[in-house]
Structure formats: structure tokens, C-alpha cells
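Colleague:
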Amino acid sequence: MAAATASFAFSSATNRHRTSSSLLHPNPNPKHLSLTSSSSYSFHPITFLRSQLSHHHSIKSSTTPKITATISVGDKLPEATLSYFDSDGELQTTTISELTKSKKTILFAVPGAFTPTCSQKHLPGFVEKSGDLKAKGVSTIACISVNDAFVMKAWKADRKIGDEVLLLSDGNGDFTKAIGCELDLSDNAIGLGVRSRRYAMLLEDGVVKVLNLEEGGAFTSSGAQDMLDAL
Numbered sequence: 001m002a003a004a005t006a007s008f009a010f011s012s013a014t015n016r017h018r019t020s021s022s023l024l025h026p027n028p029n030p031k032h033l034s035l036t037s038s039s040s041y042s043f044h045p046i047t048f049l050r051s052q053l054s055h056h057h058s059i060k061s062s063t064t065p066k067i068t069a070t071i072s073v074g075d076k077l078p079e080a081t082l083s084y085f086d087s088d089g090e091l092q093t094t095t096i097s098e099l100t101k102s103k104k105t106i107l108f109a110v111p112g113a114f115t116p117t118c119s120q121k122h123l124p125g126f127v128e129k130s131g132d133l134k135a136k137g138v139s140t141i142a143c144i145s146v147n148d149a150f151v152m153k154a155w156k157a158d159r160k161i162g163d164e165v166l167l168l169s170d171g172n173g174d175f176t177k178a179i180g181c182e183l184d185l186s187d188n189a190i191g192l193g194v195r196s197r198r199y200a201m202l203l204e205d206g207v208v209k210v211l212n213l214e215e216g217g218a219f220t221s222s223g224a225q226d227m228l229d230a231l
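Going by the UniProt record's numbering, the letters in the sequence shown line up with residues 1 to 231, in that order.
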């Protein structure tokens, strides 16, 4: 009688274990089961979890991020106020509508004043080709950066720029955020924080005709020659 009782208790415990395992892992992968008889198995949770994590990682790694922004070709730019220092050293403000109304305008943005690619390639290219761009009907060429107006003034003086390109401060990033072009560089050791993606756009009466948006701070399609080719 005692042997029968012990056998019944063992059988009940085994059934409870199987029921619990089936609730936690209702459809375990047969690869992770070790068959011990025709009606029982042992489950290896570590092996199972490793396979799941590996599967999740492979899906995540195979996904290529798409470069997107809130603004797109055919859209009218949202209104915003930007600041700059004029040739007399006086702080001025202008609006997107003032920059773009009833004319062709090129706006290009850089992640930061004084940064290498912006100073050595992007900005100088538009200064050099400003005459060619204006000969094709462009009235205003403006560079926008999420820097304060004092930094933009110092950058203009450092690069010895006249009236070829207007350097505009989007100090709080309001315009940059409104068009969905913010770039979070908070994890950068330099401490750049949230800046603007690099881009160049051609506008006619405030409507986007061409938008070349770079991935992060890359410089491949937003240069002055790219805008010339688009005109």
C-alpha cells in the first residue's frame, strides 16, 4: 500500500511539472528537447533563451534605418524666427516667410559651426558657388545651425564671409524640430547635444522643390554643386 501511495505521488508531481512547463513554454522548439522516453522530455531553458535572443538580434541587425523628416518635397515650410548679426554688429531676426516669399531660396543646414566638415567643405562650397547659384535665379542662400547667434557671428568672421551666404541661428532648434530634422548627438564625447541633420533644400515661394537630406552628419548630396545640378 505504501509503495502504491508513493508511486501515485510521484506520478502526480510529474504531471504537475509537465503542466507547468507547458504553460511557460506552450510550443517549445523540438531542437531544445532531450527525449528520454516516448512520453517525456527534459527542457533546456538556457539553450532555448539563447536561441531566441540570437533570433531577435538577427532581425534587428538586418533592419536598415530609413532617412526621414517631417518635411518633404511639395510641402510649404512652417513659419519660424531665426536670428543673426548684421554687418553693423546689430542683432536682427528674420522669418522663414521673409526669406522665401515670392522667390527662389536655398537653405542648407549644418550640425555645428566650427566643426570640420561644415567649416572646410559644406559652407565654403556655397560661398564659392554663390554667384553661379544666383545667376540661376536664387535670391537668398542661407545656412542654418542650432547654435546661438554669437557663435554664428564668430564663425562668419573666422571664415571671412561677406554677403554671399546668410548665417542664421536656430538657437533653440525650434525650426529644426518643426521640420523633423533634429539630430541627437548627446552621446558624443564633444557634448554637441541635439543639433540639425545636414541637408540642403531648394524653395520656391516657401515650397520645397528639392530636399537632399543626409544621414546624420554625412556629406554626400547636400553640397552647392548638388543644388546647381538641380536648378
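For glycine and all other residues, C-beta sits at the position ideal for the given N, C-alpha and C.
Let's see if you can read the secondary structure: which residues bound the alpha helix (DSSP H) around residue 151?
Modeller: Start and end: 149–158.
Colleague: Measure the C-alpha to C-alpha separation of residue 220 and residue 211 and round it to an integer number of angstroms.
Modeller: Taking the straight line joining both Cα atoms gives about 13 Å.
Colleague: Check the C-beta distance from residue 101 over to residue 225 and give it rounded, since I have them as a contact under 8 Å.
Modeller: Not really, about 27 Å apart at Cβ, beyond 8 Å.
Colleague: Helix, strand or coil for residue 99 per DSSP?
Modeller: Correct three-state label for residue 99: helix.
Colleague: Measure the C-alpha to C-alpha separation of residue 61 and residue 153 and round it to an integer number of angstroms.
Modeller: Legend: pLDDT at residue 61 = 32, less than 50; position of this residue unreliable, value from coordinates given subsequently. About 43 Å.
Colleague: Between 116, 126, 179, 194, which has its C-alpha nearest residue 167's C-alpha?
Modeller: Minimum Cα distance to residue 167 is reached at 126.
Colleague: In angstroms, rounded to a whole number, what distance separates the CA positions of residue 89 and residue 150?
Modeller: For residue 89 and residue 150, the distance between alpha carbons rounds to 10 Å.
Colleague: Going straight from the alpha carbon of residue 77 to that of residue 190, what length do you get?
Modeller: Between residue 77 and residue 190, the C-alpha separation is close to 31 Å.
Colleague: Run the CB neighbour count on residue 160, radius 10 Å, all protein chains shown included, and call it buried at 16 or more, exposed below.
Modeller: Exposed, because fewer than 16 other Cβ atoms sit within 10 Å of the Cβ of residue 160.
Colleague: Grab me the residues of residue 107's own chain with a C-beta within less than 7 Å of its C-beta, minus the 5 sequence neighbours each way, in chain order.
Modeller: The answer, listed in chain order, is 142, 144, 201, 203.
Colleague: Please say whether residue 195 and residue 146 have beta carbons closer to each other than 7 Å?
Modeller: Result yes, Cβ atoms of residue 146 and residue 195 sit closer than 7 Å.
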